[in-house]
Each structure stands twice: as C-alpha cells, then as structure tokens.
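Colleague: Structure incoming, see below.
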Amino acid sequence: MTRAIYPGSFDPVTKGHLDIIIRTSKIMSHLTVTVMDNPRKVATYDIEKRVEMLKLVIEPYKNVEVDYYKGLLIDYAQQKKIGIIVKGLRAISDFEFEFQMALVNQKLNPAIETLFMMTNSKYSYLSSSIVKEIAALGGNVSSLVPPEVHDMIISKFKLD
Ligand code: PNS
Numbered sequence: 004m005t006r007a008i009y010p011g012s013f014d015p016v017t018k019g020h021l022d023i024i025i026r027t028s029k030i031m032s033h034l035t036v037t038v039m040d041n042p043r044k045v046a047t048y049d050i051e052k053r054v055e056m057l058k059l060v061i062e063p064y065k066n067v068e069v070d071y072y073k074g075l076l077i078d079y080a081q082q083k084k085i086g087i088i089v090k091g092l093r094a095i096s097d098f099e100f101e102f103q104m105a106l107v108n109q110k111l112n113p114a115i116e117t118l119f120m121m122t123n124s125k126y127s128y129l130s131s132s133i134v135k136e137i138a139a140l141g142g143n144v145s146s147l148v149p150p151e152v153h154d155m156i157i158s159k160f161k162l163d
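Residue numbering for the sequence shown follows this note's numbering, beginning at 4 and increasing consecutively.
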C-alpha cells in the first residue's frame, strides 16, 4: 500500500491543485490532502472553510481524504506513518523554495521522501493568490477553480 500526503495551504483550492490530486491519486493507493498553515502567508479562508472546499472537490475520488494539521509537516507525516510527501511544481520560481523545504524535511526525518509532481502546463500560471486577486477585483475566476467551490470562493469578496 503506497500512501502519500499532499500538503498545502489551499487558500483556496484551484484547478491546478485538483489536477495534482487526481494525477497523484492514480499512482498512489491512498492520498491524504492536508491543509496546513504556511507561516509565510496570512490565510484568507479559515482552515475549516479550506477543508470544507477540498472535501467537496475530492468527493469523486474514493482513495483521497482531506485532513488538516497545525504544526510541522514532518511531525504530521510521522504521526500518520506516511512516508511520501507530494508537492506540485509549477515554474522554476517554485523550485528553489521547494528544494529547500524538501532538504529541510529530509534533514528532520530522512525516512520520509518528498516527490515532485510537475504541473499540467494548462495550469502553470495558476495560484491561489492569482485567483484571490482576480476575484477581489471583480474578475471571472470560473475557469480557474473547481465549479463546486466557485461560489464559496467569490462570496468572500462580495459586498452586501
Ligand atoms: O500551498 P503552500 O502555501 O505552498 O504550502 C506550504 C506548506 C503549508 C506545505 C508549508 O508551509 C508547510 O509545510 N507548512 C508547515 C510547517 C513546516 O513543516 N515547515 C517546513 C519546515 S521549515
């Protein structure tokens, strides 16, 4: 049984994340998508909302579950007894930081491997920050986010 964790802030989940989830779920027996806080960013959606959105999106994929954790990724992997961390890689700009994180995590626990899944070129430009910027300025994000969570995402930016 090959189990993996796909961690991220998912603030909010995009079609790029979903693409990584679907492709990873095909090569792993089980995938845990784990919502975590990125200490370098202030989250827009609270952790419960991010989990709720992911649960809607992963519903058709029976070997995928959603979880959340507050703390170090490597401690979480250890607690869950999962030996593989999957990260999505978009452009060269992602690489330097992801490489550093993978090496830090390797230092903290060499038994846990980080695997990188290349983005689908369709989504190489896409990020949660881009989605929020467009939505905040009243643009259309329907081609960028899974339809199940579109209204939840834009409701954050709607003025009553
Ligand atoms: O989607 P993101 O924002 O790129 O995800 C980054 C995330 C949440 C995976 C990363 O910030 C993380 O692993 N946070 C938990 C704290 C941790 O373990 N940091 C690595 C050691 S420096």
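Even for Gly, the Cβ is constructed at its ideal location relative to N, Cα and C.
Counting Cβ pairs, one atom from each stretch, are 3 or more of them under 8 angstroms apart for the region 28-36 and the region 124-139?
Modeller: Not touching, per the Cβ criterion.
Colleague: Is the beta carbon of Gly-91 closer than 8 angstroms to that of Met-56?
Modeller: Sequence index remark: in the sequence shown, residue 56 carries index 53 (1-based). Sequence index remark: in the sequence shown, residue 91 carries index 88 (1-based). No; because the gap between Cβ atoms is not below 8 angstroms, this pair is not in contact.
Colleague: Can you list, in chain order, the residues of its chain whose CB lies under 8 angstroms from that of Lys-58, leaving out five sequence neighbours each side?
Modeller: Residue 58 sits at position 55 when you count from the first residue of the sequence shown. Taken in chain order, the residues that qualify are Val-69.
Colleague: Pick out every residue whose C-beta is nearer than 5 angstroms to a heavy atom of the ligand PNS: which are they, in chain order?
Modeller: Per the Cβ criterion, the list is Pro-10, Gly-11, Ser-12, Met-39, Asn-41, Leu-75, Leu-76 and Val-107.
Colleague: At what residue ranges does the region 98-137 contain a whole run of the alpha helix (DSSP H), taking only runs of 4 or more?
Modeller: The region 98-137 contains no whole alpha helix (DSSP H) run of 4 or more residues.
Colleague: Excluding sequence positions up to five away, which residues of its chain have a Cβ less than 7 angstroms from the Cβ of Ser-127?
Modeller: Numbered from 1 along the sequence shown, position 124 holds the residue referred to as residue 127. Cβ within range, chain order: Arg-93 and Ala-94.
Colleague: What separation, rounded to the nearest whole angstrom, lies between the Cα atoms of Val-148 and Lys-73?
Modeller: Counting from 1 along the sequence shown, the entry for residue 148 is found at position 145. Counting from 1 along the sequence shown, the entry for residue 73 is found at position 70. Taking the straight line joining both Cα atoms gives about 25 angstroms.
Colleague: What does the Cβ neighbour count give for Val-16, buried or exposed, with the cut at 16 atoms within 10 Å?
Modeller: Residue mapping note: residue 16 aligns to position 13 of the sequence shown, counting from 1. Flag for Val-16 reads buried.
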